[in-house]
Amino acid sequence: DNRLFGFVRITTGDAMSKRAKFTLITWIGENVSGLQRAKISTDKTLVKDIVQ
Numbered sequence: 001d002n003r004l005f006g007f008v009r010i011t012t013g014d015a016m017s018k019r020a021k022f023t024l025i026t027w028i029g030e031n032v033s034g035l036q037r038a039k040i041s042t043d044k045t046l047v048k049d050i051v052q
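Numbering (the UniProt record's numbering), first residue to last: 1 to 52.
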């Protein structure tokens, strides 16, 4: 299986005030090995750095 990352940007507010909220979604498939699961935290940091 796969390890996937998704990034969502939601703009919310009213006519006078708009703001953006960001969410990072991480998905780990059922058959991902223990080593790959352990690497997800370092990979998540890389994804955050790329997005910013």
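Virtual Cβ for every residue (Gly too), placed ideally from N, Cα, C.
Residue state for ALA15 is assigned as coil, using DSSP reduced to three classes.
Looking at PHE7, VAL32, THR26 and GLY13, the one whose alpha-carbon comes closest to that of VAL51 is PHE7. Annotation: the continuous alpha helix (DSSP H) that includes VAL51 extends over 34-51.
Taking 7 Å as the cut-off, the beta carbon of VAL47 is found no closer than this to the beta carbon of ASP1.
For GLY29, the three-state secondary structure derived from DSSP is coil.
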